[in-house]
Structure formats: structure tokens, C-alpha cells
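What follows is a short report on a single structure.
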Amino acid sequence: MPESDVHSQMNILEDALESGTEHRGVAYQAVSITGGGEKEWRYYTSDISQFLQSLNDDLTGHDPYPIEIQEYEDQEWNGLAEFLSEAKS
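In our numbering, each number is its position in the sequence shown, counted from 1, plus 12.
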């Protein structure tokens, strides 16, 4: 689990995305994974450019977050299926 202040910042970031990007239907969080002092959010979107714009809009006025964004093609939602399969093990 991340340190308390880092965990708090993660929650603020996640809340901003939920009330903005998800609420607008731009992207949907499929899963979030916490461990090793990090948190990974997996979002599904049909338009990565729109997602990135929405993310930036959601975080206007926030201090910069140390995040890394990776993009994958996953039309069949295999990333979520893989996570669910591992979670059942």
C-alpha cells in the first residue's frame, strides 16, 4: 500500500476521473490494482484522444501527478478477462 499522503493523492485523482471522464461516458474504469507502492487504473475508451483531453480537463487546477499513460488496443476486453482469471486463482 502506498504511503498515506500518496494514497490520498491517488484517491483525489481517481475521484476526479470518476466524476468527470466516467460521468461523461468518455471512458470506463474496468479495474484498479494497488501494490508495490503503485496503483494502476485500467480504463476502456473508444477514443484515446478524447480520453486524454477529458483527463486533462478533469485535472485542471490540480498539482501535477506522477502518472504514466500507456495505450493498448483491446477491443475484446482481454485485459479485464486476464485480470478476472488471475483474481479467481
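Heads up, the beta-carbon is just placed ideally off N, CA and C, and yes, glycines get one too.
With respect to residue 45, residue 52 sits close: the two C-beta atoms are nearer than 8 Å. Of 28, 49 and 47, the smallest CA-CA separation from residue 41 is found for 28.
Shown here, residue 24 sits in a helix according to DSSP, grouped into three states.
Counting C-beta atoms within 10 angstroms of its own C-beta, residue 93 has fewer than 16 neighbours from the protein chains shown and is therefore classed as exposed. Under the three-state reduction of DSSP, residue 30 is assigned to helix. DSSP assignment within the stretch 33 to 91 yields the following whole alpha helix (DSSP H) runs of 4 residues or more, N-terminal first: 60 to 70.
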